[in-house]
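Student: One structure is given below, represented as structure tokens, and several questions about it will come after.
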């Protein structure tokens, strides 16, 4: 009997549950109410369960109905995914895009480009990876990601194209109670603990990113770095968009270390990375154009 189940019956089940009545479900599906009643009755007969309690003014899902509703939604979602995959074979539209982003990049800016892709290609999925320094380059080079966004121009690979798409400003900061916060600039940080984000790859081995001295704690992400700096343990360079609110609220203080830009500010270029000669589909082209347009 289960072989006779249809997607139409599952759509009817979901429509009744979401609209609250057979009549409203009929309106949503543009069907006669009698057809809705017949579809759900047939489904109940095939499953040998009662899906709705009809004793009241409105149909109410039974416990069995609630359980099956969740499965019905999953089946319908998988069906739509299968349709989208089939359409991609004939239209050339990608089923998903993969992009690796350095956490120093302002995600609010990148999100506008993602929104443009979603508006144009709502069925295309997005895999967004966050990885610092050499991570985006390695992800693109090894074909794990179609695009990468990196904040370093020290990273080069002849097999990759790097397009300048913007910049990020880094502020040297520390806790207001730290000794460095009260010193007259330019500040000597050579004997102070520097909190830095480590490169999970070997791409930037030997590259000096302005670590201010021999004393450094290395962390994997900016959230940990920010917390340690705010706790007064040391100092570090942080993206301005992540610390401006902390500076305004007095939770962090800007400092101007020797040799680290005017007023402790450093401007780093942001590059869009992709493989040379890679054929971009419609969604990939849309994402690249949206990123370039917003620069």
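Numbering (my numbering), first residue to last: 49 to 343.
Don't be surprised by glycine CBs; every beta carbon is placed ideally from N, CA and C.
These numbers come from a predicted model, not from an experiment.
#1: Ignore the nearest five residues each way along the sequence and tell me which others in residue 176's own chain have a CB closer than 7 Å to its CB.
#2: Just list the residues that DSSP pairs residue 322 with in beta bridges.
#3: Leaving out five residues before and five after residue 248 in sequence, what residues of the same chain have Cβ atoms less than 8 Å from its Cβ?
#4: Return the chain-ordered list of same chain residues with a C-beta closer than 8 Å to the C-beta of residue 250, the five sequence neighbours on each side being excluded.
#5: Do residue 316 and residue 152 come within 8 Å of each other at the CB atom, strictly closer than that value?
#6: Cα separation between residue 166 and residue 157?
#7: List the endpoints of the continuous alpha helix (DSSP H) containing residue 337.
#8: Residue 230 bridges to which residues according to DSSP?
#9: Ignore the nearest five residues each way along the sequence and tell me which others in residue 164's own chain have a CB closer than 7 Å to its CB.
#10: Going by Cα to Cα distance, which pick from 304, 101, 52 and 81 is closest to residue 234?
#11: Based on DSSP bridge pairs, tell me the residues matched to residue 174.
#12: With distances taken from CA atoms, which of 128, 190 and 197 is nearest residue 159?
#13: Quick check on this structure: which residue in 130, 97, 229 and 126 has the alpha carbon closest to the alpha carbon of residue 114?
#14: For residue 214, which option in 225, 173, 155 and 171 has the closest C-alpha, if you only look at C-alpha atoms?
#15: Taking residue 331 as the reference, give the member of 297, 217, 144 and 204 with the closest Cα.
#16: By the 10 Å Cβ neighbour count, where 16 or more other Cβ atoms means buried, how is residue 286 classified, buried or exposed?
#17: Taking residue 245 as the reference, which of 232, 277, 238 and 80 has the closest Cα?
#18: Spell out the partners DSSP gives residue 101 in its beta bridges.
#19: State the beta-bridge partners of residue 215 as determined by DSSP.
#20: So, are the CB atoms of residue 323 and residue 207 less than 8 Å apart?
#21: Going by C-alpha to C-alpha distance, which of 63, 243 and 306 sits closest to residue 275?
#22: How many whole angstroms separate the CB atoms of residue 94 and residue 53, which I take to be in contact at a CB cut-off of 8 Å?
#23: Measuring only the C-alpha atoms, how far is residue 106 from residue 169?
#24: Is it the case that the Cβ atoms of residue 70 and residue 84 are separated by a distance below 8 Å?
#25: Pick helix, strand or coil for residue 3, following the three-state DSSP scheme.
#26: Who are the Cβ neighbours of residue 256 in its own chain at under 6 Å, not counting the five residues just before and after it?
#27: Considering residue 189, what are the terminal residues of the alpha helix (DSSP H) in which it resides?
#28: Within 10 angstroms of the Cβ of residue 222, are there 16 or more other Cβ atoms? Answer buried if so, exposed if not.
#29: Tell me where the alpha helix (DSSP H) around residue 82 begins and ends.
Tutor: This is what the structure gives:
#1: Numbered from 1 along the chain shown, position 128 holds the residue referred to as residue 176. Answer for residue 176: 147 and 149, listed in chain order.
#2: Translated into positions along the chain shown, residue 322 becomes position 274. For residue 322, which the question treats as bridged, DSSP gives the partners 209.
#3: As a working mapping, residue 248 is identified with position 200 in the chain shown. Closer than 8 Å at Cβ, skipping near neighbours: 179, 180, 181, 182, 183 and 268.
#4: If you number the chain shown from 1, residue 250 lands on position 202. The residues are 182.
#5: What you label residue 152 is simply residue 104 of the chain shown in a count that begins at 1. What you label residue 316 is simply residue 268 of the chain shown in a count that begins at 1. Yes, the pair counts as a contact, with Cβ atoms nearer than the cut-off.
#6: Within the chain shown, numbered from 1, the residue matching residue 166 stands at position 118. Within the chain shown, numbered from 1, the residue matching residue 157 stands at position 109. In a straight line, the C-alpha of residue 166 is about 15 Å away from that of residue 157.
#7: In the chain shown, the residue the question calls residue 337 occupies position 289. Looking at the DSSP string, the run of the alpha helix (DSSP H) that includes residue 337 is 330-341.
#8: The sequence position of residue 230 within the chain shown is 182, counting from 1. In DSSP, residue 230 forms no bridge with anything.
#9: The sequence position of residue 164 within the chain shown is 116, counting from 1. Same-chain partners within the cutoff: 334 and 338.
#10: Within the chain shown, numbered from 1, the residue matching residue 234 stands at position 186. The shortest C-alpha separation from residue 234 is found at 304.
#11: Reading the chain shown from its first residue, position 126 is the one you call residue 174. Answer by DSSP bridge pairing, in chain order: 145.
#12: For this step, residue 159 is matched to residue 111 along the chain shown. The shortest Cα separation from residue 159 among 128, 190 and 197 belongs to 197.
#13: Translated into the one-based positions of the chain shown, residue 114 becomes position 66. Closest option to residue 114, Cα to Cα, is 97.
#14: Here residue 214 is taken as the residue at index 166 of the chain shown, counted from 1. Looking at the Cα atoms, 155 is the closest of the given residues.
#15: For this step, residue 331 is matched to residue 283 along the chain shown. Considering only alpha carbons, the answer is 144.
#16: As a position in the chain shown, residue 286 is number 238, starting the count at 1. By the 10 Å Cβ count, residue 286 comes out buried.
#17: To locate residue 245, count along the chain shown from 1; it is residue 197. Comparing Cα-Cα distances from residue 245 to each of 232, 277, 238 and 80, the minimum goes to 277.
#18: On the chain shown, residue 101 is found 53 positions in, with the first residue counted as 1. Beta-bridge annotation (DSSP): residue 101 is paired with 108.
#19: By one-based count along the chain shown, residue 215 stands at place 167. 317.
#20: What you label residue 323 is simply residue 275 of the chain shown in a count that begins at 1. What you label residue 207 is simply residue 159 of the chain shown in a count that begins at 1. In contact: residue 323 and residue 207 (Cβ atoms closer than 8 Å).
#21: The sequence position of residue 275 within the chain shown is 227, counting from 1. If we check each option's Cα against that of residue 275, 243 comes out closest.
#22: Numbered from 1 along the chain shown, position 46 holds the residue referred to as residue 94. Numbered from 1 along the chain shown, position 5 holds the residue referred to as residue 53. Their Cβ separation, rounded to whole angstroms, is 6 Å, which keeps residue 94 and residue 53 in contact under 8 Å.
#23: Counted from its first residue, the chain shown places residue 106 at position 58. Counted from its first residue, the chain shown places residue 169 at position 121. If you take the alpha carbons of residue 106 and residue 169, they lie about 38 Å apart.
#24: Start at 1 with the first residue of the chain shown, and residue 70 comes out as number 22. Start at 1 with the first residue of the chain shown, and residue 84 comes out as number 36. Taking 8 Å as the Cβ cut-off, residue 70 and residue 84 qualify as a contacting pair.
#25: No statement about residue 3 is possible, as the shown extent of the chain runs from 49 to 343 and does not include it.
#26: The residue labelled residue 256 in the question sits at position 208 within the chain shown. A caution first: residue 256 carries a pLDDT of 48, below 50, which makes its placement in the model too unreliable to give a value.
#27: As a first step, residue 189 must be located in the chain shown, where it is residue number 141. 183-189 is the extent of the alpha helix (DSSP H) around residue 189.
#28: Against the chain shown, residue 222 aligns to sequence position 174. Buried is the call here.
#29: Position 34 of the chain shown, counting from 1, holds the residue named residue 82. 81-95 is the extent of the alpha helix (DSSP H) around residue 82.
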